[in-house]
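Enquirer: Please find one structure pasted underneath; my questions will follow.
2 protein chains.
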Amino acid sequence: MKVYIAGIDGYLGWPLAQCLAARGHEIAGGDCLLRRRWVTEMGSHSAIPIAPMRERQAAFEKHFGGFTYREGNVQNYAFVKEAFRAFQPDAIVHLAECPSAPYSMIDVHHAVWTQTNNIVSTLNILFAMRDVCPQAHLVKLGTMGEYGTPNLDIPEGSFEIEYRGRTETLPFPRQAGSWYHLSKVHDSHNVAFACKIWGLRSTDIMQGVVFGTRIDEMGDDPRLLTRLDFDEGFGTVINRYCCQAVIGHPLTPFGQGQQRRGFLPLRDSMQCMTLAIENPPGAGEYRVFNQFEEVYNVTELAHKVRAAGEELGLDVKVRRIENPRLEMEEHYYNPDHEHLLDLGYQPTPVDGELHVMLADLMEHRARIEEKRNVLIPAIRWDGTRQRSQFLSEE
Amino acid sequence: MKVYIAGIDGYLGWPLAQCLAARGHEIAGGDCLLRRRWVTEMGSHSAIPIAPMRERQAAFEKHFGGFTYREGNVQNYAFVKEAFRAFQPDAIVHLAECPSAPYSMIDVHHAVWTQTNNIVSTLNILFAMRDVCPQAHLVKLGTMGEYGTPNLDIPEGSFEIEYRGRTETLPFPRQAGSWYHLSKVHDSHNVAFACKIWGLRSTDIMQGVVFGTRIDEMGDDPRLLTRLDFDEGFGTVINRYCCQAVIGHPLTPFGQGQQRRGFLPLRDSMQCMTLAIENPPGAGEYRVFNQFEEVYNVTELAHKVRAAGEELGLDVKVRRIENPRLEMEEHYYNPDHEHLLDLGYQPTPVDGELHVMLADLMEHRARIEEKRNVLIPAIRWDGTRQRSQFLSEE
Numbered sequence: 000m001k002v003y004i005a006g007i008d009g010y011l012g013w014p015l016a017q018c019l020a021a022r023g024h025e026i027a028g029g030d031c032l033l034r035r036r037w038v039t040e041m042g043s044h045s046a047i048p049i050a051p052m053r054e055r056q057a058a059f060e061k062h063f064g065g066f067t068y069r070e071g072n073v074q075n076y077a078f079v080k081e082a083f084r085a086f087q088p089d090a091i092v093h094l095a096e097c098p099s100a101p102y103s104m105i106d107v108h109h110a111v112w113t114q115t116n117n118i119v120s121t122l123n124i125l126f127a128m129r130d131v132c133p134q135a136h137l138v139k140l141g142t143m144g145e146y147g148t149p150n151l152d153i154p155e156g157s158f159e160i161e162y163r164g165r166t167e168t169l170p171f172p173r174q175a176g177s178w179y180h181l182s183k184v185h186d187s188h189n190v191a192f193a194c195k196i197w198g199l200r201s202t203d204i205m206q207g208v209v210f211g212t213r214i215d216e217m218g219d220d221p222r223l224l225t226r227l228d229f230d231e232g233f234g235t236v237i238n239r240y241c242c243q244a245v246i247g248h249p250l251t252p253f254g255q256g257q258q259r260r261g262f263l264p265l266r267d268s269m270q271c272m273t274l275a276i277e278n279p280p281g282a283g284e285y286r287v288f289n290q291f292e293e294v295y296n297v298t299e300l301a302h303k304v305r306a307a308g309e310e311l312g313l314d315v316k317v318r319r320i321e322n323p324r325l326e327m328e329e330h331y332y333n334p335d336h337e338h339l340l341d342l343g344y345q346p347t348p349v350d351g352e353l354h355v356m357l358a359d360l361m362e363h364r365a366r367i368e369e370k371r372n373v374l375i376p377a378i379r380w381d382g383t384r385q386r387s388q389f390l391s392e393e
Numbered sequence: 000m001k002v003y004i005a006g007i008d009g010y011l012g013w014p015l016a017q018c019l020a021a022r023g024h025e026i027a028g029g030d031c032l033l034r035r036r037w038v039t040e041m042g043s044h045s046a047i048p049i050a051p052m053r054e055r056q057a058a059f060e061k062h063f064g065g066f067t068y069r070e071g072n073v074q075n076y077a078f079v080k081e082a083f084r085a086f087q088p089d090a091i092v093h094l095a096e097c098p099s100a101p102y103s104m105i106d107v108h109h110a111v112w113t114q115t116n117n118i119v120s121t122l123n124i125l126f127a128m129r130d131v132c133p134q135a136h137l138v139k140l141g142t143m144g145e146y147g148t149p150n151l152d153i154p155e156g157s158f159e160i161e162y163r164g165r166t167e168t169l170p171f172p173r174q175a176g177s178w179y180h181l182s183k184v185h186d187s188h189n190v191a192f193a194c195k196i197w198g199l200r201s202t203d204i205m206q207g208v209v210f211g212t213r214i215d216e217m218g219d220d221p222r223l224l225t226r227l228d229f230d231e232g233f234g235t236v237i238n239r240y241c242c243q244a245v246i247g248h249p250l251t252p253f254g255q256g257q258q259r260r261g262f263l264p265l266r267d268s269m270q271c272m273t274l275a276i277e278n279p280p281g282a283g284e285y286r287v288f289n290q291f292e293e294v295y296n297v298t299e300l301a302h303k304v305r306a307a308g309e310e311l312g313l314d315v316k317v318r319r320i321e322n323p324r325l326e327m328e329e330h331y332y333n334p335d336h337e338h339l340l341d342l343g344y345q346p347t348p349v350d351g352e353l354h355v356m357l358a359d360l361m362e363h364r365a366r367i368e369e370k371r372n373v374l375i376p377a378i379r380w381d382g383t384r385q386r387s388q389f390l391s392e393e
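Going down the list, the sequences are from chains A and B.
Residue numbers for the first sequence follow numbering that gives the first Met the number 0, so the first one is 0 and each next one is one higher.
Residue numbers for the second sequence follow numbering that gives the first Met the number 0, so the first one is 0 and each next one is one higher.
In structure tokens, the structure reads:
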């Protein structure tokens, strides 16, 4: 299949290109390299050094036979339309959004930028599909965070309900917890509408929190490695824990530390997106997958990282810090995730993956140590900016 | 109370300023006069001539004692923040969005513009409230169209449901039918979130389709009159029917003509917004009102306009045309609207209001006749642009 990856330079986009090319798919992609700039803006850098796009292209050419790359911004409709016209994709994977809740919470300008960037990029892709490749399949990355933490089971996208004696299948209500997460809610509504009125087909992936440093396809070529962020904006929780562990910094669950979320290793994210791409929905179908390996609470995960670290000879402490977010810290959480299992998803156990990650990151202690100050969050949901303090343990 | 009206030059904003000032409230407002430009872009003009803002200000000064006006764009955060800082409002009524479904469906640029304009304006207002007047009450105009036409009763904003043996109160799922309506859904999610994290208070009004030419406060000063559009972008259905009736053009329900919606006269919209403003919610409360007088189907309304027209000596025909929209043409529709009735809303009967409207519009036959060609829609939901044909009646 011909797969276009919007955001091919990113944490997920770059390994996905390799994973799909290794399976014989033809790849094209675009990026405007914003992720590199956002992390610089956060005062940080990737723990794992990443190659410039030109070197990435050379390595990809050597190992997988090349891909078509054009630098450009998905906020520019002409760029998107021309990319699709030239490549005529069978599938489009949209990874070109700004993926950070804290970044969107910095101030009005970051909130506006995150929402407009994400919404406009998706609208541009939908219109370009309609006009250029209406049979293509859009694989759109959403987030499990769209649902929030309701006191109900969370179905995959929609549910049948009875209300005052009548029955209907409706989208499951969304209660997202940041301007970023809300941008994904807005996208979901927009994508569903485009499928309905134009007969487009889409898989909208409500993805859990991804962690991990590698997929097998990267082998030992450092140019194929993907980034690993540990700043408060772009470092997700397990990735930050692992960076903390390797430099002897305590792992820092927020608040009560009982927040439950769905998580999955990077290699599972690749496996699931591949399953979605290779099993497209029908014309007009808007399909939602809840994509995660298992639900964990963030303290439980800290203990898993500690255990994996101790096996590698690391001395790991866990210390809770003030929660910069406004979120429930103890809550019911029971989301479905059957659709991908039905397609054959084989979950990777978390513990082994943590071992691989820590071993990878131990090689880059100095880079993490250099930016040690980004490991404690300061962007608060109330609009202030102030580093979280450690909480005293009773 | 001190009430700031964003969009004070518009169809609703201008009469609202008069209505509130007549009740003794202190008014300030802003506008960038975009509505005038949009209607020009649609090749049309207001059936009722409207005065330039400077003349409007002079008339307002004479009848109600003046208001503070600054021209500016609510997409500009500095403008919004300074307006609130200078005026210190108790209530903010946000009428500064682009209110047209067909306009948003023209092409990718209009879709992107409508969504970004509407979302950014609301984000700017929320952040400016947080930073300048966190005790103020935001009265935000949404639309009944956010809900779509589910096969269930529609509650006011949220509902208690049972699902797999657990119970929770959740936002009622939204299934909007245009990029414009979706922008309002996005806004609703954003406003609810701001109330939750920052303790802001808001009334989010899911308003039905407004019709009408006047409120009593306008008296006989033509400078106080508000606009009345009849083009496909900015003319709502009853307003277009009435313009069609006075020039002998058939009234044109779309498709089967059994679409059911909530409607309300302009004077009821003013009455309801006044009730919301004068009865603010508590801090942190996000309150939703479904705001309409009654549910009608669009053919039934055409017959009401015909009957009112015949009393005035007009010969009125009703002829269905191809539906440019993609929507259900026969469906269940039973939305609640108790919250405003509980606050004392006294609905105005539709038939008398139609009589007033037709009499007002008969004075402006020549202006409507001049733009007769805008009365048949051409913007189609499938992305093409082609005038609707009359349907043959069996």
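Every residue, glycine too, gets a C-beta built ideally from N, C-alpha and C.
Just so it is clear, the structure is predicted and the values come from calculations on it, not from any experiment.
1) What is the rounded straight-line gap between the Cα of Tyr10(A) and the Cα of Gly211(A)?
2) Tell me, which residues are paired with Met205(B) by DSSP?
3) So Ser391(B) packs on Pro376(B), CB below 8 Å; how close in whole Å?
4) Per DSSP, which one or two residues make a beta bridge with Leu263(B)?
5) In terms of residue numbering, what span does the beta strand (DSSP E) encompassing Thr235(A) cover?
6) When DSSP labels each residue in this structure, what does Gly28(B) get in the three-state scheme?
7) Skipping 5 residues on each side, what residues in its chain have a beta carbon closer than 7 Å to that of Lys80(B)?
8) Quick one: what does DSSP say Asp228(B) is sitting in, helix, strand or coil?
9) Does chain E have any CB closer than 8 Å to the CB of Gly382(A)?
10) Establish whether the CB of Asn150(B) and some CB of chain A are separated by less than 8 Å.
11) Does DSSP put Asn333(A) in a helix, a strand or coil?
12) Just checking my contact of His136(B) with Ala90(B) at CB under 8 Å: how many whole Å lie between their CB atoms?
13) What did DSSP end up calling Ile320(A) once you bin it into helix, strand or coil?
14) Leaving aside the five residues before and after Ile153(B) along the sequence, list all residues of the same chain whose C-beta is less than 6 Å from its C-beta, in chain order.
15) Chain B partners of Gln134(A), CB-CB under 7 Å?
16) Is Val119(A) close to chain B? Criterion is C-beta to C-beta, closer than 8 Å.
17) Run through the stretch 26-101 of chain A for me and flag every whole alpha helix (DSSP H) of 4 or more residues, listed as ranges in chain order.
18) Would DSSP call Ile7(A) helix, strand or coil?
19) Measuring straight from C-alpha to C-alpha, what distance separates Gln251(B) and Gln17(A)?
20) What does Arg129(A) touch in chain B if you count any residue whose Cβ is under 8 Å from its own?
21) Can you tell me whether Thr168(A) is buried or exposed? The criterion is at least 16 other CB atoms within 10 Å of its CB, across all chains shown.
22) Could you check if Ala409(A) is buried or exposed, using at least 16 other CB atoms within 10 Å of its CB as the buried criterion?
23) Closer than 9 Å, Cβ to Cβ, to anything on chain B: give me those residues from the stretch 240-261 of chain A, in chain order.
24) If you follow the beta strand (DSSP E) that Pro14(A) is in, where does it begin and where does it stop?
25) If Arg213(B) sits next to Asp359(B), beta carbons under 8 Å apart, how far is it from one beta carbon to the other, in whole angstroms?
26) Assuming Ser187(B) is part of the alpha helix (DSSP H), what are its boundary residues?
27) Thinking C-beta only, is Asn117(B) closer than 8 Å to Asp186(B)?
28) Check the Cβ-Cβ distances between Ala175(A) and every residue of chain B, and say whether any is below 8 Å.
29) Could you work out which residues of chain A lie near Tyr162(B), taking near to mean beta carbons separated by less than 7 Å?
30) Closer than 8 Å, CB to CB, is Arg165(B) near chain A or not?
31) Can you tell me the Cα-Cα spacing of Ile196(B) and Cys271(B), whole angstroms?
32) Does any CB atom of chain B fall closer than 8 Å to the CB of Leu443(A)?
Expert: According to the structure shown:
1) Gly211(A) has its alpha-carbon roughly 10 Å from the corresponding atom of Tyr10(A).
2) Gly141(B) and Asn289(B)
3) Not quite, the Cβ-Cβ distance comes to about 18 Å (not below 8 Å), so this is no contact.
4) Val209(B)
5) Neither: Thr235(A) is in no beta strand (DSSP E) and is coded neither H nor E.
6) In the three-state DSSP reduction, Gly28(B) falls in the strand class (E or B).
7) Ala127, Asp130 and Val131
8) Coil at Asp228(B), not helix or strand.
9) The structure shown has no chain E; the protein chains it does contain are A and B.
10) Between Asn150(B) and chain A, the shortest Cβ-Cβ separation is below 8 Å.
11) strand
12) 5 Å
13) DSSP, read as helix, strand or coil, puts Ile320(A) in strand.
14) Tyr146 and Pro334
15) Chain B residues near Gln134(A): none, gap ~16 Å exceeds 7 Å.
16) yes
17) 33-40, 52-63 and 76-86
18) In the structure shown, Ile7(A) sits in coil (DSSP, three-state: anything other than H, G, I, E or B).
19) Here the sequence assigns Thr to residue 251(B), which means Gln is not the residue at that position. If you take the alpha carbons of Thr251(B) and Gln17(A), they lie about 56 Å apart.
20) Gly382
21) Result: exposed.
22) Since the first and last residues shown for chain A are 0 and 393, residue 409(A) lies out of range.
23) none
24) Note, Pro14(A): premise wrong, no beta strand (DSSP E); alpha helix (DSSP H) at Gly12 to Ala21.
25) 6 Å
26) Trp178 to Trp197
27) yes
28) yes
29) By Cβ distance, chain A contributes Leu151, Asp152, Phe158 and Ile160.
30) yes
31) Approximately 27 Å, taken between the alpha carbons.
32) A question about residue 443(A) goes unanswered here, because the residues of chain A that appear run from 0 up to 393.
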